[in-house]
Amino acid sequence: MPVILHIETATRNCSVALSRDSECLFSKLSQEGPSHASRLGVFVDEALQFAKFNDIQLDAVAVSCGPGSYTGLRIGVSMAKGLCYALGIPLIFVPTLRVLMQALKDKTSAYICPMIDARRMEVYTQMYDAQGNELSPVQAMIVDENSFSDLPENQAVIICGDGAAKCLPVIKKENLQYEEVILQASLMITPALEAYQQESFEDVAYSEPFYLKEFQATIPTKLQQIIKA
Numbered sequence: 003m004p005v006i007l008h009i010e011t012a013t014r015n016c017s018v019a020l021s022r023d024s025e026c027l028f029s030k031l032s033q034e035g036p037s038h039a040s041r042l043g044v045f046v047d048e049a050l051q052f053a054k055f056n057d058i059q060l061d062a063v064a065v066s067c068g069p070g071s072y073t074g075l076r077i078g079v080s081m082a083k084g085l086c087y088a089l090g091i092p093l094i095f096v097p098t099l100r101v102l103m104q105a106l107k108d109k110t111s112a113y114i115c116p117m118i119d120a121r122r123m124e125v126y127t128q129m130y131d132a133q134g135n136e137l138s139p140v141q142a143m144i145v146d147e148n149s150f151s152d153l154p155e156n157q158a159v160i161i162c163g164d165g166a167a168k169c170l171p172v173i174k175k176e177n178l179q180y181e182e183v184i185l186q187a188s189l190m191i192t193p194a195l196e197a198y199q200q201e202s203f204e205d206v207a208y209s210e211p212f213y214l215k216e217f218q219a220t221i222p223t224k225l226q227q228i229i230k231a
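Here the sequence shown stands for residues 3 to 231, numbered as in the numbering used here.
The structure is reproduced here in structure tokens:
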């Protein structure tokens, strides 16, 4: 029964979980905004102390690999890689949209469309059927009233994730539902366990997060004013 440490920092949430086989042994979650740099180390240390106290040895580290926040992904993946290198254990990548989908898999007959906020009316998204099979590739989608117009009119779709709520009043589609799902590391347990059993591991030295889009740096407004002065 493999023991896996799970790290989720792809959005504003910062979360860590520890599992043995399919059982969650330990979980921590912060929804207080992008504070990954300060909170993640504390959460990981607490998980490791829990493991030490209960005489549990880690077999792998799983990390939510994107798409999502550029900074959040870098912090989470860097932490996971550092732990794997230091402990000599495998690294597992779990796609972030699949983590969200996992919360609704096999609990509905509708298609499942997790959405991660990418500013304004753009989201990172992917469509799944009720059993978790991929129906579309991961994409950056600008949402408008015609989104999902290619689907059958009677096909129910559930949207979830931190990018979904803003899309609900915009998309003109019958049988569209919104389900609140809090992205957190405990949702990674099943897909991470499947990856471990299949020995689907990443290269600790060279693996990178799945950003989907290039990082775009912006100059703060106050700095722009100083430059123009």
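Using N, Cα and C, we set each Cβ at its ideal position, and we do this for glycine too.
Because the structure is a prediction, the values reported are computed rather than measured.
query, result
"With R22 as the anchor, note down where its alpha helix (DSSP H) starts and where it stops.", "Where R22 is concerned, there is no enclosing alpha helix (DSSP H), although the beta strand (DSSP E) it sits in stretches over 16-22."
"Does the Cβ of F150 have 16 or more other Cβ atoms within 10 Å, making it buried, or fewer, making it exposed?", "buried"
"Using the rule of at least 16 other Cβ atoms within 10 Å of the residue's Cβ for burial, across every protein chain shown, is K30 buried or exposed?", "buried"
"How would you label D164, buried or exposed, when you count the other beta carbons within 10 angstroms and need 16 or more for buried?", "buried"
"So I9 packs on V18, CB below 8 Å; how close in whole Å?", "6 Å"
"Quick one: what's got a C-beta closer than 7 Å to M81's C-beta in the same chain, skipping five residues either side?", "I9, L42, V46"
"Quick one: residues in its chain with C-beta nearer than 8 Å to the C-beta of D131, no 5 flanking neighbours on either side, listed in chain order?", "Y113, I114, L137"
"For M190, which of helix, strand or coil comes out of DSSP?", "helix"
"Should the stretch 139-146 be called in touch with the stretch 186-194, which here means at least 3 C-beta pairs below 8 Å?", "no"
"Would you kindly report the start and end of the unbroken beta strand (DSSP E) that includes D119?", "113-119"
"With which residues is L178 paired in a DSSP beta bridge?", "V159"
"With DSSP as the reference, identify every bridge partner of Y130, one or two as the case may be.", "I114, E136"
"Grouping DSSP H, G and I as helix and E and B as strand, with all else coil, what is K150?", "A quick correction: the sequence has Phe, not Lys, at residue 150. Here F150 sits in coil by DSSP."
"Is the separation between the beta-carbon of L106 and that of V183 shorter than 8 Å?", "yes"
"Give the DSSP-derived three-state secondary structure of L7 in the structure shown.", "strand"
"With distances taken between CB atoms, is the gap from I173 to E147 smaller than 8 Å?", "yes"
"Alpha carbon to alpha carbon, how far is L185 from T13?", "8 Å"
"What is the DSSP secondary structure of F28, reduced to helix, strand or coil?", "strand"
"Check this for me: beta carbons of G78 and T11, under 8 Å apart or not?", "yes"
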